[in-house]
Structure formats: C-alpha cells, structure tokens
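**Student:** Take this structure, written in structure tokens, and hold onto it; I'll ask about it next.
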Amino acid sequence: MKRLLTLLLVGVSISAFSQSFSYNKRINDIWGDWEKPPYGMFVYKLIGTTDLYNEFIIYGVNDHPSKYILKVTMFGQVVETDKKKRKEAIKSGKWYEYPAMVEYYTANMSDRFKDIIGKWPLDGYNTDFEKHYVPATVTIPPYKDKPVNYNIWFEDLGLAIQMK
C-alpha cells in the first residue's frame, strides 16, 4: 500500500511541477502524428530573458535543465502584447515568423539532426555530446493569450512543439 501511495504521489508531483509537451516531426516533407514523450521522460522549460517565450529547452525529466537535448532561441518579440493585433492575426490566420537558432547534440560531429530525428527525443543526446548550433525559422500560429505551438524549421526538417 505504501508503494502504491508513493508511486501516486510521485506521479502527481511530476505532472504538477514539470511542463509536458507534444511534438510532431516533418521528415521528407511529410508530417507524422502528434506524440508525447513516453512515460513523461522529457519536459520543457521557458528560459527567455527579455521575453519568456522567446527561448526554451527540452530536457530529461530526471536531468538538470543544463543537460538539455534541444534549445531554441528566437530573435525578436514572440508574445504579441497588443490585444488588438492578436485579434487581427487570429482573424486573418497569418502566422508569426521569427529567425532563430537551434542547439542540439549528437554522438559525432559528422551526425546531423536528420540522423537522430527518427527516434528523437529518446535518442536525443544532451550537453555531454557534440554540439550543433544551426540557423532556423520558427513559425507560430495566431493565439489568444500566449504561444502554444512552435513550428521549428532547420536543416530541411520540421519539428513542431506544442506546449500545454
């Protein structure tokens, strides 16, 4: 009974304090299905300094955030503060677009994200491995309050992250 109670409390605390996400991968110009990291193994953290939503990391739930497997930094304001402009964007359906940089890690310097995307995030390497810093474009659909969906385009691949 004590074990069951402990497992229940751990499960509740993980879901309450970590921020889970869903992801989708675009490989060979085809989007896959939305997935969640198995067993809640990975979480995200917003780390932007000038705008909380312009930078985030993804890391293992049992790791320190400094051991992230993916870091996305967007340049420019991400959260539209003008309510009227947000309503206009929703009405027009026009997506926001930002230049960005993506940082990810592989086992070897010769590897690229295309070599690990099939099993990402499970095969995501952390900051102990070879660092890649590549230019990207991030597109965000119109939103009412805060951005939720981020489409990240780099190295001829697409990675969609949904933060709820």
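Numbering (mature numbering (1 follows the signal peptide of the UniProt record, and there is no 0)), first residue to last: -18 to -1, 1 to 146. No residue lacks a Cβ here, since even glycine has one placed at the ideal position from N, Cα and C. Just so you know, these numbers come straight off a predicted model, no measurement behind them.
#1: Name the DSSP beta bridge partners of Gly140, please?
#2: Note the first and the last residue of the continuous beta strand (DSSP E) segment covering Val37.
#3: Where does Ala89 sit, in a helix, a strand or coil, going by DSSP?
#4: If we count the other Cβ atoms within 10 Å of its Cβ and call it buried at 16 or more, is Pro47 buried or exposed?
#5: Quick one, are the C-beta atoms of Val116 and Glu79 less than 9 Å apart?
#6: Based on DSSP bridge pairs, tell me the residues matched to Ala118.
#7: Need the endpoints of the beta strand (DSSP E) that Lys146 sits in, please.
#8: Write down the C-beta distance between Tyr35 and Val60 rounded to the nearest angstrom, noting that I regard them as a contact closer than 8 Å.
#9: Consult DSSP for Phe24 and reduce its assignment to one of helix, strand or coil.
#10: What's the gap between the Cα of Leu92 and the Cα of Phe57?
#11: DSSP state of Ile(-5), grouped into three classes?
#12: What's the gap between the Cα of Asn133 and the Cα of Asp110?
#13: Report the three-state DSSP secondary structure of Lys49 (helix, strand or coil).
#14: Quick one: is Thr55 buried, meaning 16 or more other Cβ sit within 10 Å of its Cβ, or exposed?
**Tutor:** Judging by the given coordinates:
#1: On the sequence shown, residue 140 is found 158 positions in, with the first residue counted as 1. DSSP output for Gly140 lists Arg8 and Trp135 as bridge partner(s).
#2: For the purposes of this step, residue 37 is taken as residue 55 along the sequence shown, with counting starting at 1. With the sequence shown as reference, residue 37 is identified as Glu, and Val is not the correct amino acid for it. Element bounds for Glu37: Glu37 to Gly42.
#3: Taking the first residue of the sequence shown as 1, we reach residue 89 at position 107. Ala89 falls in the coil class under three-state DSSP.
#4: Taking the sequence shown and counting its residues from 1, the one referred to as residue 47 is at position 65. So Pro47 counts as exposed.
#5: As a first step, residue 116 is located in the sequence shown; it is residue number 134 there, counting from the start. As a first step, residue 79 is located in the sequence shown; it is residue number 97 there, counting from the start. Not a contact, by the Cβ cut-off of 9 Å.
#6: Locating residue 118 in the sequence shown gives position 136, where the first residue counts as 1. The partner list for Ala118 (beta bridge, DSSP) reads Ala82.
#7: On the sequence shown, residue 146 is found 164 positions in, with the first residue counted as 1. No beta strand (DSSP E) holds Lys146; DSSP gives it neither H nor E.
#8: For the purposes of this step, residue 35 is taken as residue 53 along the sequence shown, with counting starting at 1. For the purposes of this step, residue 60 is taken as residue 78 along the sequence shown, with counting starting at 1. That pair is a contact at about 4 Å.
#9: For the purposes of this step, residue 24 is taken as the residue at position 42 of the sequence shown. The answer is strand: DSSP assigns Phe24 an E or B state.
#10: Position 110 of the sequence shown, counted from the start, is the residue given in the question as residue 92. Position 75 of the sequence shown, counted from the start, is the residue given in the question as residue 57. Going by the sequence as given, residue 92 is Ser instead of Leu. The alpha-carbon atoms of Ser92 and Phe57 are separated by roughly 27 Å.
#11: What you label residue -5 is simply residue 14 of the sequence shown in a count that begins at 1. Its pLDDT being 44, under 50, Ile(-5) is placed unreliably by the model, and the measurement read from it follows with that caveat. Correct three-state label for Ile(-5): helix.
#12: In the sequence shown, residue 133 corresponds to position 151, counting from 1. In the sequence shown, residue 110 corresponds to position 128, counting from 1. Roughly 26 Å separates the two Cα atoms.
#13: Walking along the sequence shown from the start, residue 49 turns up at place 67. DSSP places Lys49 in helix when its eight states are reduced to three.
#14: Taking the sequence shown and counting its residues from 1, one reaches residue 55 at position 73. Label assigned to Thr55: buried.
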